[in-house]
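In the UniProt record's numbering, the protein residues as written are 1 to 174. Don't be surprised by glycine CBs; every beta carbon is placed ideally from N, CA and C. Every value quoted in this text rests on a predicted model; they were computed, and no experiment measured them. Heads up, the thing below is written out as structure tokens.
Put into structure tokens, the structure is as follows:
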């Protein structure tokens with residue numbers, strides 16, 4: 001049992017080498033794939049981050065997978081993320097991996113049905129509006145839960161064209 005807590009210098013050195021290699025590979029892949037791999041956190045982006053974190057941790061600590069297996073898995077995850085981001089140009093794929101933006105507020109009125117659709121509480125919406133600098137619901141023409149989980153706010157009095165809202169769930173229903 002005590003062997004679980006004691007490592008040889010050789011084992012510790014191997015952990016350092018594996019960690020450095022995995023870190024360097026991660027940074028290189030992010031540079032190659034572009035900021036998209038770390039930018040907005042759609043569901044498939046979050047899945048990548050969780051998988052990569054787990055993979056790097058296990059490989060760095062010399063658990064299964066081996067360093068070579070970990071590198072292959074890391075590259076595979078980034079290639080998958082890149083492929084999905086390219087395939088999202090097709091409507092069906094985009095619908096499969098990303099939810100449509102959801103309209104939550106119209107002309108200062110919170111839309112309860114849309115909150116349910118977005119699985120969002122009114123308290124959470126109000127918090128996000130405050131964080132966006134909104135002092136009164138009357139100041140909000142439209143508030144939308146975007147694909148990346150952020151809330152976008154169009155203030156009252158701002159010009160609003162339908163083409164800006166065309167992909168938003170509930171925006172053009174009435």
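| request: Please go through the same chain and pick out, in chain order, the residues whose beta-carbon is closer than 6 Å to the beta-carbon of residue 138, but skip the five residues on each side of it. | output: Taken in chain order, the residues that qualify are 108.
| request: Taking the CB atoms as reference points, tell me whether residue 168 and residue 143 lie closer together than 7 Å. | output: Result no, Cβ atoms of residue 168 and residue 143 do not sit closer than 7 Å.
| task | State the beta-bridge partners of residue 153 as determined by DSSP. | result | Looking at the DSSP output, residue 153 shares a beta bridge with 143.
| DSSP three-state call for residue 50: helix, strand or coil? | Of the three classes helix, strand and coil, the one that applies to residue 50 here is helix, per DSSP.
| said: From the DSSP secondary-structure annotation, give me the bridge partner or partners of residue 110. | reply: For residue 110, the pairing in a beta bridge is given by DSSP as 105.
| task | Measure the C-alpha to C-alpha separation of residue 129 and residue 141 and round it to an integer number of angstroms. | result | Approximately 12 Å between the Cα atoms of the pair.
| At which residues does the alpha helix (DSSP H) containing residue 122 begin and terminate? | Unbroken alpha helix (DSSP H) run through residue 122: 122 to 131.
| task | Tell me residue 169's beta-bridge partners as DSSP assigns them. | result | As a beta-bridge residue in DSSP terms, residue 169 pairs with 102.
| Under 7 Å between the Cβ atoms of residue 77 and residue 102? | It is not a contact, given that the beta carbons lie outside the stated cut-off.
| said: According to DSSP, simplified to helix, strand and coil, what is residue 11? | reply: Residue 11 falls in the helix class under three-state DSSP.
| Range of the contiguous alpha helix (DSSP H) that encloses residue 70 | For residue 70, the enclosing alpha helix (DSSP H) stretches over residues 67 to 87.
| task | Could you check the C-alpha separation between residue 82 and residue 126 for me, to the nearest Å? | result | So the two alpha carbons sit approximately 35 Å from each other.
| request: Helix, strand or coil for residue 159, going by three-state DSSP, please let me know. | output: Note: residue 159 maps to coil in three-state DSSP.
| Taking just the CA atoms, how far does residue 100 sit from residue 166? | Approximately 10 Å, taken between the alpha carbons.
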